[in-house]
Amino acid sequence: MIWRMLFRRTFSLRSATFALTLALVAACATKPAFKQESFDTESASALFSDAFGHLTDTYIEKVNLQRMSVAGLNGLTDIDPAIKATALADGGLSISAGGAEIALKPPLDRDAAGWGDVLARGLTKARMHSASLTSAEPDVLYTAIMDGVTETLDGYSRYEPPKRAVESRARREGYAGIGVTIRNEETATIIQDVIPNAPAANAGLQKDDAITHLEGVPLASIPREDRAERLRGPVGTIVTLGISRKDTAPFSVQIKRAEVIPATVYFETDKGLPRFRVTGFNRTTADDLARAIAKAEKRPGGLPGIVLDLRSNPGGYLTQAVEIADLFLNDGVVVSTRGRHPSSSTSYDARGGRLAEGKPMVLLLNGRSASASELLAAALIDAGRAAAVGTVTYGKGSIQNLENLVNGGELIVTWSRMHAPSGYLLDGLGVRPTICTANAATNAKPEAVLRKAARPGIAADWRAYRAPDKTMAESLRTSCPKSDESPDLDIQIARTLIYNRRAYQTALSPASPARHSAQSPFQWRRAG
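Quick look at the structure:
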């Protein structure tokens with residue numbers, strides 16, 4: 036997923052994340068109070084009107100609010116299968132609930148507020164005739180309706196109810212807590228990962244530790260869905276945990292909560308080859324990567340090149356992907372976007388990055404590299420700054436506008452589609468690496484795969500894809516079928532490219548047929 040938040044077109048890439056945070060805080064401050072505890076028509080109307088307003092303004096295609104209202108009410112079948120809503124010829128809608136037939140006229144002003152009110156009144160009337168709806172919590176009702184509404188949109192637009200929205204924001208922006216990822220079991224919560232330098236790590240907690248008590252209360256008595264929230268709290272507060280560890284007597288530990296931003300950048304070495312694995316794009320990813328590279332350059336022997344592992348990276352903040360591209364590109368377009376809203380069609384340019392200048396750079400891609408990671412890969416490949424190894428990427432080349440709703444939930448709406456610097460449409464197609472390992476044998480030698488590098492004609496066909504065409508996209512993608520695996524062969528080939536400049540130069544994306552001869556440029560390996 037790639038997220039965008041509203042901000043001015045002219046901006047400094049270095050301050051973009053800060054500006055986005057301010058914009059989000061300002062947006063939150065203007066939202067009216069919302070009644071969470073019990074259902075009332077006014078609160079429902081406020082939520083639906085808020086959502087419809089965003090959809091009307093920002094969705095990539097023009098929306099039909101009557102159709103959305105009908106779909107929203109039909110979403111209630113998850114709670115009461117007898118509910119059925121249909122559109123009426125006069126522009127209104129009807130609802131069948133508990134044997135009653137309810138007709139609602141279209142609003143006088145057929146706008147977001149008008150239809151939000153119609154949808155809220157429809158829900159109110161349906162509750163009068165359905166015991167299941169009457170007994171359901173308000174948030175359950177709202178989620179069912181909003182899920183129905185977003186099902187009329189593309190597959191990337193969705194609604195996040197308040198509790199899920201809190202978790203999503205924590206992944207993107209950080210949170211106040213102890214810095215662990217967890218798996219909840221019946222009687223304990225298992226630590227799956229400990230974030231480096233976070234409070235839990237500093238307190239000595241380890242992967243696979245089991246948290247059995249929280250403030251002296253057995254976790255078995257705390258609902259699983261509430262445990263993560265209970266581990267969090269204001270910065271500086273203390274939480275006491277009971278811990279069970281294999282081959283160790285149970286013990287308790289006090290941990291002071293702090294701001295935690297999940298790690299997305301990991302420095303690893305594979306038989307001496309430095310590799311930077313980027314697992315997502317949150318608000319500090321670009322800075323974290325720049326620091327990791329600067330630190331690696333100071334290691335004995337320095338840094339022979341950059342291996343940027345984007346395999347299984349699902350995306351994240353648009354600006355962070357742009358900022359990372361800006362670290363390595365001196366100039367030129369990073370990505371252009373096109374949508375229905377006037378502000379959705381824009382271009383992001385590099386500002387002159389010099390990081391690791393002159394060093395070879397290799398990207399690792401697979402079928403789970405998506406969204407912002409595809410943006411970054413396309414920018415570096417098209418600029419001739421990086422070679423790419425792996426398989427065709429996911430093909431999720433759209434940008435989602437993220438809006439906070441009055442109830443604390445979030446509405447994620449597809450806002451625009453991304454085009455690579457060379458002009459091709461990423462959505463539905465993805466990024467094709469020059470060095471494809473999709474059909475390579477498990478024990479294949481790097482040299483054999485390199486000899487089958489992509490011909491210039493394949494790159495030309497790829498770059499000719501300018502508008503959505505499912506048949507054409509599927510045909511192009513067969514040239515390097517996507518794989519969700521992360522084979523060691525990718526790293527072996529990256530090693531060859533980093534240490535052999537001739538191989539590296541040849542593996543850079545072929546901009547035109549004139550750049551390469553028809554004969555495989557990797558024949559150098561056959562001699563001698």
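Residue 405 in this note's numbering sits at position 370 of the sequence shown, with consecutive numbering throughout. Glycine included, every Cβ here is placed at the ideal spot set by N, Cα and C.
In the structure shown, Lys-291 falls within a strand segment according to DSSP collapsed to helix, strand and coil. Lys-505 sits exposed, since fewer than 16 C-beta atoms from the chains shown fall within 10 Å of its C-beta. The three-state reading of DSSP puts Gly-133 in coil, since its state is none of H, G, I, E or B. Using a Cβ distance threshold of 8 Å, Ala-161 and Ile-130 count as a contacting pair. For Leu-485, there is no enclosing beta strand (DSSP E); the enclosing alpha helix (DSSP H) covers residues 481–485. For Arg-389, the three-state secondary structure derived from DSSP is coil. Under the three-pair Cβ rule at 8 Å, the stretch 392–403 does not count as touching the stretch 436–450. Remark: C-beta atoms of Pro-141 and Gly-157 do not approach each other more closely than 8 Å. Contact check for Val-274 against Glu-250 passes: the beta carbons are separated by less than 8 Å.
Within its own chain, the residues whose Cβ lies closer than 7 Å to the Cβ of Asp-115, once the five positions on either side in sequence are excluded, are Ser-165, Ser-167, Leu-168, listed in chain order.
Under DSSP, the beta-bridge partners assigned to Pro-253 are His-248.
About 4 Å separates the beta carbons of Arg-312 and Tyr-301, which is inside the 8 Å limit, making them a contact pair.
A direct Cα-Cα distance of roughly 12 Å separates Ala-171 from Glu-72. For Tyr-534, the uninterrupted alpha helix (DSSP H) run begins and ends at 523–534, by DSSP.
Approximately 7 Å separates the beta-carbon atoms of Ala-488 and Thr-541; this is inside 8 Å, confirming the contact.
For Tyr-177, the enclosing alpha helix (DSSP H) covers residues 173–185. About 6 Å separates the beta carbons of Pro-349 and Gly-315, which is inside the 8 Å limit, making them a contact pair.
Here Leu-123 carries a coil assignment [DSSP, helix/strand/coil]. A direct Cα-Cα distance of roughly 13 Å separates Leu-100 from Ala-155. For Pro-491, the enclosing alpha helix (DSSP H) covers residues 491–498. Residue pairing for Cys-471: DSSP places it in a beta bridge opposite Gly-425. Annotation: the continuous beta strand (DSSP E) that includes Gly-212 extends over 210–212. In the structure shown, the three-state DSSP call for Ala-233 is coil.
Within the same chain, and ignoring the five residues on either side of Pro-269 in sequence, the residues whose Cβ sits closer than 8 Å to its Cβ are Ala-211, Arg-292. Around the C-beta of Pro-285, fewer than 16 other C-beta atoms lie within 10 Å, and the residue is accordingly described as exposed.
Contact fails between the stretch 516–533 and the stretch 407–417, because fewer than three Cβ pairs, one in each stretch, are under 8 Å apart. In the structure shown, the three-state DSSP call for Phe-87 is helix.
Here Ala-508 has Gly-463, Leu-464 as same chain residues with Cβ atoms under 6 Å from its own Cβ, once five neighbours each way along the sequence are excluded. With respect to the 8 Å criterion, Ala-418 and Tyr-352 are not classified as neighbours on the basis of their beta carbons.
Bridge partners of Glu-438 according to DSSP: Leu-446. About 7 Å separates the CB atoms of Ala-86 and Val-184; that is less than 8 Å, so the two are in contact. Distance from the CA atom of Val-357 to the CA atom of Leu-324, rounded to whole angstroms, is 13 Å.
Looking from the CA of Leu-240, the closest CA among Val-229, Leu-364, Ala-122 belongs to Val-229. According to DSSP, residue pairing for Val-313 in a beta bridge involves Val-300. In this structure Ser-279 is not in contact with Thr-449, their Cβ atoms being roughly 45 Å apart against a cut-off of 8 Å. Within the same chain, Phe-69, Lys-70 come within 7 Å of Ser-78 by CB-CB distance, once the 5 residues on both sides are set aside.
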